[in-house]
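Notes follow the structure.
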Amino acid sequence: MSPAMTAMIDIADARKTFTMHLQGGIELPVVSGVSFHVNPGECVVLSGPSGAGKSSILKMIFGNYRCDSGRIGIRHRGAVVDLATAEPRQVLNVRRSTIGYVSQFLRAVPRVATIDVVAEPLIVNGLARAEAQARAGELLHRLNIPERLWQLPPATFSGGEQQRVNIARGFISELPILLLDEPTASLDAANRAVVVELVAEKKRQGVAMVAIVHDDEIRHLIADRIVDVTSFAAA
Amino acid sequence: MADHDMLENVEPLLVAKSLSKSYGRIAACRDVSFSLYPGEVLAIVGESGSGKSTLLQMLSGQLTPSGGEVSYRMRDGITRDLATLGEAERRFLYRTDWGYVHQDPAQGLRMAVSAGANVGERLMAVGWNHYGRIRDTASDWLTRVEIDIARIDDAPRTYSGGMRQRLQIARNLVTEPRLVFMDEPTGGLDVSVQARLLDLVRSLVAELHLAVIIVTHDLAVARLLSHRVMVMKGGRVIETGLTDQVLDDPREPYTQLLVSSILPP
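Which chain is which? The protein sequence lines are A and B, in order. By the numbering used here, the letter at position 182 of the first sequence is numbered 180, and the numbering carries on one by one without gaps. By the numbering used here, the letter at position 57 of the second sequence is numbered 624, and the numbering carries on one by one without gaps.
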């Protein structure tokens, strides 16, 4: 079968340029000719130096950055949606039930308790609050966030704790695609190992993942395939 | 899941077609078209004079457009042109299916009657007549907007700005509207009070599956509350899209200027 038949993500010739109108309209080419696919149960790691456009590609796959041209094919509830041309409502539906994004930083809502921040993606998808919180608790426990912190909003937590809350929130969902932007950046060895385990579990469940990881050791542990982003350098 | 299918297949709640408003030779609003779906939060952003308030007034039936039309899917499922509604139907919409949160709570509340009466009044307007039930429902709503029940018999003129705004929200939501218009709802409030109000609005909107059209000049408010934004300038919509797309990847020179003018947190 061709990759397009089974892939969860199928990107073809995607291109992104920023036009900076406040700087005299200069054009900043970011990437062009981006083409790769990701199958279920596979983790593709994007490699390349800082500024090569790794995060931009992740944001294009999430529909956060718009593409100038090309196609971002996402398998969403059995059909393929092209996020490069999708309506806002469609993008939101894809995010709700297909693509999760674990960013480097937690964009926390003030006043919401950590346990609810983590449980929210399940509640949005219809799970009962008590069950969602129980699953959130399990994940927080695995990621070594002590129970006494669960009822507090994460805004006051350390950088590493916030990142682990963010990871719990990202991994709790049962979405078939996960995008990981430096998920282990500010974690200690023990917590990095937990993240590696979580990624392995997601693979066994058939989740397709695209990750940016600078740590070589982690990259070797999670990558099934490496896509070199420098080959998409904009001309 | 059932509610997803609903989200994906449902018809729009409100549709604006080529809305325009001119005052003599001055065009305050030109050729605005969009559809709003149930549960969707749309932010209209732009600076003073961009036409966003004129647009909100036309959408909420308070101002007659010079051109174009607004249609709304009524509770019976039939979509109607607002201009063809009779007075009784229009009043019914305002009292039940729509809410309108003003920037100045004094415009949306009766400042001299009790908080409980402010909330209860809207229920009485739709035919509730059992005093005990009205008072229970009013108390319930005061609690939901985090107003101490001990203050139920006090008039809002004795309330702080933040409390007044929360009371105005309770008064609007008590009839379970499907669409709420908000005009700079955090405009006159201190920053800390703003954060609390936004947080409250955000959770109520999600819980009640409300559609909201919110006018704001504050992009942080748009980011926190809305799914989609329309950027207005000189009476026109110059850019529109998913909120995070428009704010993280703005295309138009004016939108880039607005985004770059936000002070870092």
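By construction, the Cβ of each residue, glycine as well, lies at the ideal position given by its N, Cα and C atoms.
Just checking: is the beta-carbon of A64/A within a distance shorter than 7 Å of some beta-carbon in chain B?
Mapped onto the first sequence, residue 64/A falls at position 66. A small correction: the amino acid at residue 64/A is Arg; Ala does not occupy that position in the sequence shown. Yes, its Cβ sits closer than 7 Å to a Cβ of chain B.
Determine the direct distance from the alpha carbon of V826/B to that of M799/B, and round the result to whole angstroms.
For the purposes of this step, residue 799/B is identified with residue 232 of the second sequence, where counting begins at 1. For the purposes of this step, residue 826/B is identified with residue 259 of the second sequence, where counting begins at 1. Rounded to the nearest angstrom, the two C-alpha atoms are 13 Å apart.
For L786/B, tell me which candidate among R657/B, A762/B, R702/B and V612/B has the shortest Cα-Cα distance.
Within the second sequence, the letter at position 219 stands for residue 786/B. The residue with the shortest Cα to Cα distance from L786/B is V612/B.
Assign D238/A to one of three DSSP states: helix, strand, or coil.
Outside the shown range of chain A (-1 to 233) lies residue 238/A, about which nothing can therefore be said.
How would you write the range of the alpha helix (DSSP H) that I701/B sits in, first residue to last?
For the purposes of this step, residue 701/B is identified with residue 134 of the second sequence, where counting begins at 1. Note, I701/B: alpha helix (DSSP H), Y698 to R711.
Have a look at P27/A and T15/A and give me their C-alpha separation to the nearest angstrom.
Position 29 of the first sequence, counted from the start, is the residue given in the question as residue 27/A. Position 17 of the first sequence, counted from the start, is the residue given in the question as residue 15/A. Roughly 4 Å separates the two Cα atoms.
So, does the CB of V192/A fall closer than 7 Å to a CB anywhere in chain B?
Working through the first sequence from its first residue, we reach residue 192/A at position 194. V192/A does not count as touching chain B.
Between the segment 27 to 43 of chain A and the segment 93 to 109 of chain A, can you find at least three pairs of beta-carbon atoms closer than 8 Å?
As far as the Cβ criterion goes, the segment 93 to 109 of chain A does not touch the segment 27 to 43 of chain A, which means the pair count is below three.
Let me know the secondary structure DSSP gives S638/B once reduced to three states.
The residue labelled residue 638/B in the question sits at position 71 within the second sequence. Strand at S638/B.
Who are the Cβ neighbours of D80/A in its own chain at under 7 Å, not counting the five residues just before and after it?
Residue numbering aside, residue 80/A sits at position 82 when the first sequence is read from its first letter. So the qualifying residues of the chain are R69, I70 and G71.
Compare the C-alpha of L809/B against each of P744/B, H794/B and A594/B and name the closest.
Translated into positions along the second sequence, residue 809/B becomes position 242. It is H794/B whose Cα lies nearest to the Cα of L809/B.
Decide if the segment 213 to 229 of chain A is in contact with the segment 190 to 201 of chain A; the criterion is three or more beta carbon pairs, one per stretch, under 8 Å apart.
In short, these stretches touch, since the Cβ pair count reaches three.
For the alpha helix (DSSP H) containing M58/A, list its first residue and its last residue.
Along the first sequence, one-based indexing puts residue 58/A at 60. Looking at the DSSP string, the run of the alpha helix (DSSP H) that includes M58/A is K52 to F60.
Just checking, does the segment 166 to 183 of chain A make contact with the segment 203 to 211 of chain A on the three C-beta pairs under 8 Å criterion?
Yes, the segment 166 to 183 of chain A touches the segment 203 to 211 of chain A.
Give the residues of chain B in contact with P86/A, contact being defined as C-beta atoms less than 8 Å apart.
Taking the first sequence and counting its residues from 1, one reaches residue 86/A at position 88. By Cβ distance, chain B contributes H794, R795, G808, L809 and Q812.
Excluding the 5 residues flanking V115/A on each side, which residues of the same chain have their C-beta closer than 7 Å to its C-beta?
The sequence position of residue 115/A within the first sequence is 117, counting from 1. These residues qualify, in order along the chain: A106, P152, V163 and R167.
Note down, in chain order, each residue of its chain lying with its Cβ closer than 8 Å to the Cβ of P672/B, except the 5 sequence neighbours on either side.
Residue 672/B sits at position 105 when you count from the first residue of the second sequence. Taken in chain order, the residues that qualify are P723, G728, R731, Q732, L734 and Q735.
Counting only the same chain and skipping the five closest in sequence on each side, list residues whose C-beta sits under 7 Å from that of D179/A.
The count along the first sequence starts at 1 and reaches residue 179/A at position 181. S53, L56, V100, S101, Q102 and I210, listed in sequence order.
In the DSSP assignment, find the beta strand (DSSP E) that holds G71/A and state where it starts and stops.
For the purposes of this step, residue 71/A is taken as the residue at position 73 of the first sequence. G71/A -> beta strand (DSSP E) spans S67 to H74.
At the 7 Å Cβ level, is L90/A part of the contact set with chain B, yes or no?
To locate residue 90/A, count along the first sequence from 1; it is residue 92. Taking Cβ atoms only, chain B reaches closer than 7 Å to L90/A, which makes this a yes.
DSSP puts S45/A in a beta bridge; with which residues?
If you number the first sequence from 1, residue 45/A lands on position 47. Partner(s): D226/A.
Under a three-way DSSP split, which group does L825/B fall into?
Walking along the second sequence from the start, residue 825/B turns up at place 258. DSSP places L825/B in helix when its eight states are reduced to three.
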